[in-house]
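J.: One structure follows; several queries about it will come next.
In my numbering, the protein residues as written are 845 to 1143.
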């Protein structure tokens, strides 16, 4: 089903509920905006199955939220559904698409055509969601001139002219972290006001520029945390934190311990007697001394 116009078969017209719709001055909370794409994805799946209406409970379950939160979110759109019937699926698709700005064409430039850049360029979901890849850009001479998804990879020197001629307001950064800020600065200077950043680094932008960050490594680390807990593999509290930590963490902890007067970077276990002159030996039993790792770093 195409988006961008109000479905003629809808039982609800776009003006219904307008009296209760929050004013644009109030706006929509960011948390609600973040959930609108989830509702749209679930509604689009229902529309493709020709489901005419859906209850708040069914739609909330499909989107992964609770029904009370969903009804509150939809109230910001002026959509309250019909008691005993639910929400009109096609009208909600139109309504949310309009609110998200997907009823118009959004040209996008992707900068950094490595493996991830290629994957994004070949992603078929852009066009069906209101986005058009206007250009692929890279600074590597060995990459410039190649093609991805039928588009030529153009040199970064063309960035400013492309942004101006294609009226680009959204840029996607898939460069290595060291180049991301420089690319960001050039995008902003060229007139881009929204950036999707896949580079594992934090970008600094001026007021008026929105940045959304997608860090796959952080998401994987969070999943690893939950997997460890589900497996019951809690860190052994009798084991040194340093024995489990990556090399850079061990080095940093050792530096902190030396700064605290603990001598070597290796923590003393409870089985080892305190040496003469060790600040930890003068502390009360059962409490960590100044030289103990637990005094400067949580377990």
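We put the beta carbon where it would ideally sit given N, CA and C, even for glycine.
Remember, predicted model here, so these are calculated numbers, not experimental data.
Quick one: Cα of residue 866 to Cα of residue 1070, how far?
T.: By 1-based counting over the chain shown, the position of residue 866 is 22. By 1-based counting over the chain shown, the position of residue 1070 is 226. The predicted model places residue 866 with a pLDDT of 39, which falls under 50 and marks its position as unreliable; any figure quoted below should be read in that light. Each residue's alpha carbon lies about 39 Å from the other.
J.: What do you reckon, are the CB atoms on residue 979 and residue 953 nearer than 8 Å?
T.: Counted from its first residue, the chain shown places residue 979 at position 135. Counted from its first residue, the chain shown places residue 953 at position 109. Taking 8 Å as the Cβ cut-off, residue 979 and residue 953 qualify as a contacting pair.
J.: Excluding five sequence neighbours on each side, which residues of the same chain lie with their C-beta closer than 7 Å to the C-beta of residue 1028?
T.: On the chain shown, residue 1028 is found 184 positions in, with the first residue counted as 1. The residues are 1017, 1039, 1047 and 1049.
J.: How about residue 993 and residue 957: do their beta carbons lie closer than 8 Å?
T.: Indexing the chain shown from 1 puts residue 993 at position 149. Indexing the chain shown from 1 puts residue 957 at position 113. No, the pair does not count as a contact, with Cβ atoms beyond the cut-off.
J.: To the nearest angstrom, how far is it from the Cα of residue 1059 to the Cα of residue 1042?
T.: Your numbering for residue 1059 matches position 215 in the chain shown. Your numbering for residue 1042 matches position 198 in the chain shown. Distance between the alpha carbons of residue 1059 and residue 1042 is about 6 Å.
J.: Take residue 898 and list the residues in its own chain whose beta-carbon comes closer than 7 Å to its own, dropping the five residues that flank it on each side.
T.: Your numbering for residue 898 matches position 54 in the chain shown. Result list for residue 898: 890, 930, 931 and 933, in chain order.
J.: Of all Cβ atoms in chain D, is any one closer than 8 Å to the Cβ of residue 1028?
T.: Considering every chain present, this structure includes no chain D. It has just one protein chain.
J.: In whole angstroms, what separates the C-alpha of residue 1052 from that of residue 1037?
T.: Taking the first residue of the chain shown as position 1, residue 1052 is located at position 208. Taking the first residue of the chain shown as position 1, residue 1037 is located at position 193. Looking at the two C-alpha atoms, the distance is approximately 7 Å.
J.: How about the segment 958-969 and the segment 933-943: do they share at least three Cβ pairs that are nearer than 8 Å?
T.: Cβ pair count under 8 Å is below three, so no.
J.: So the candidates are 1035, 997 and 884; which of them puts its Cα closest to the Cα of residue 1007?
T.: By one-based count along the chain shown, residue 1007 stands at place 163. Considering only alpha carbons, the answer is 1035.
J.: Would you check if the distance between the CB atom of residue 879 and the CB atom of residue 917 is smaller than 8 Å?
T.: For this step, residue 879 is matched to residue 35 along the chain shown. For this step, residue 917 is matched to residue 73 along the chain shown. Going by C-beta atoms, residue 879 is nearer than 8 Å to residue 917.
J.: Under the three-state reduction of DSSP, which class applies to residue 975: helix, strand or coil?
T.: For the purposes of this step, residue 975 is taken as the residue at position 131 of the chain shown. In the structure shown, residue 975 sits in a strand (DSSP, three-state: E or B).
J.: If you reduce the DSSP assignment to three classes, tell me which class residue 872 lands in.
T.: Taking the chain shown and counting its residues from 1, one reaches residue 872 at position 28. Three-state result, residue 872: coil.
J.: Residue 974 and residue 946: beta carbons closer than 8 Å?
T.: Numbered from 1 along the chain shown, position 130 holds the residue referred to as residue 974. Numbered from 1 along the chain shown, position 102 holds the residue referred to as residue 946. In this structure, residue 946 lies closer than 8 Å to residue 974 by Cβ.
J.: According to the neighbour-count rule (16 or more other Cβ atoms, all chains shown, within 10 Å of its Cβ), is residue 1005 buried or exposed?
T.: Translated into positions along the chain shown, residue 1005 becomes position 161. Result: exposed.
J.: With burial defined as no fewer than 16 other Cβ atoms inside 10 Å of the residue's Cβ, what is the status of residue 849: buried or exposed?
T.: Stepping through the chain shown from its first residue, residue 849 is reached at position 5. For residue 849, the predicted model reports a pLDDT of 38, less than 50, meaning its position is unreliable and no value from the coordinates is stated.
J.: The alpha helix (DSSP H) with residue 997 in it runs from where to where?
T.: Your numbering for residue 997 matches position 153 in the chain shown. Here residue 997 belongs to no alpha helix (DSSP H); instead the beta strand (DSSP E) covers 995-999.
J.: Would you decide whether residue 1009 is buried or exposed? Buried here means 16 or more other CB atoms lie within 10 Å of its CB.
T.: Position 165 of the chain shown holds residue 1009. Residue 1009 is exposed by the Cβ-count criterion.
J.: At the level of alpha carbons, what is the spacing between residue 920 and residue 1015?
T.: Start at 1 with the first residue of the chain shown, and residue 920 comes out as number 76. Start at 1 with the first residue of the chain shown, and residue 1015 comes out as number 171. Between residue 920 and residue 1015, the C-alpha separation is close to 28 Å.
J.: When you compare only the Cα positions, how much space is there between residue 1022 and residue 1076?
T.: Walking along the chain shown from the start, residue 1022 turns up at place 178. Walking along the chain shown from the start, residue 1076 turns up at place 232. Roughly 38 Å separates the two Cα atoms.
J.: Which term fits residue 871, buried or exposed, when burial requires 16 or more other beta carbons within 10 angstroms of its beta carbon?
T.: Position 27 of the chain shown, counted from the start, is the residue given in the question as residue 871. Classification for residue 871: exposed.
J.: Three-state secondary structure (DSSP) at residue 1047?
T.: Within the chain shown, residue 1047 is the residue found at index 203, counting from 1. Three-state DSSP puts residue 1047 in coil, outside helix and strand.
J.: Starting from residue 1015, trace the alpha helix (DSSP H) both ways and give me its first and last residue.
T.: Indexing the chain shown from 1 puts residue 1015 at position 171. No alpha helix (DSSP H) holds residue 1015; the beta strand (DSSP E) holding it covers 1014-1017.
J.: Taking the runs of the beta strand (DSSP E) that are 3 residues or longer, which of them lie wholly in the segment 916-983?
T.: If we require 3 residues or more, the beta strand (DSSP E) runs fully inside the segment 916-983 come out as 950-955 and 975-982.
J.: How big is the Cα-Cα spacing for residue 851 and residue 996?
T.: As a position in the chain shown, residue 851 is number 7, starting the count at 1. As a position in the chain shown, residue 996 is number 152, starting the count at 1. Its pLDDT being 41, under 50, residue 851 is placed unreliably by the model, and nothing is read from it.
J.: Quick one, are the C-beta atoms of residue 951 and residue 1011 less than 8 Å apart?
T.: Residue mapping note: residue 951 aligns to position 107 of the chain shown, counting from 1. Residue mapping note: residue 1011 aligns to position 167 of the chain shown, counting from 1. Yes; because the gap between Cβ atoms is below 8 Å, this pair is in contact.
J.: My understanding is that residue 908 touches residue 882, with C-beta atoms under 8 Å, so please give their C-beta distance in whole angstroms.
T.: Within the chain shown, numbered from 1, the residue matching residue 908 stands at position 64. Within the chain shown, numbered from 1, the residue matching residue 882 stands at position 38. About 7 Å; that satisfies the 8 Å criterion.
J.: Using a 10 Å radius around the Cβ and a threshold of 16 neighbouring Cβ atoms, would you call residue 989 buried or exposed?
T.: For the purposes of this step, residue 989 is identified with residue 145 of the chain shown, where counting begins at 1. That one is exposed.
J.: With DSSP collapsed to three states, give me the class of residue 898.
T.: The residue you call residue 898 lines up with position 54 of the chain shown. Note: residue 898 maps to strand in three-state DSSP.
J.: Residue 904: which of 896, 914 and 895 sits nearest, CA to CA?
T.: Position 60 of the chain shown, counted from the start, is the residue given in the question as residue 904. Residue 914 is the option with its Cα nearest to residue 904.
J.: Hey, would you say residue 949 sits closer than 8 Å to residue 976, going by beta carbons?
T.: To locate residue 949, count along the chain shown from 1; it is residue 105. To locate residue 976, count along the chain shown from 1; it is residue 132. Yes, they are a contact pair.
J.: What do you get for residue 893, buried or exposed, if any count of 16 or more other CB atoms within 10 angstroms of its CB means buried?
T.: In the chain shown, the residue the question calls residue 893 occupies position 49. Residue 893 is exposed by the Cβ-count criterion.
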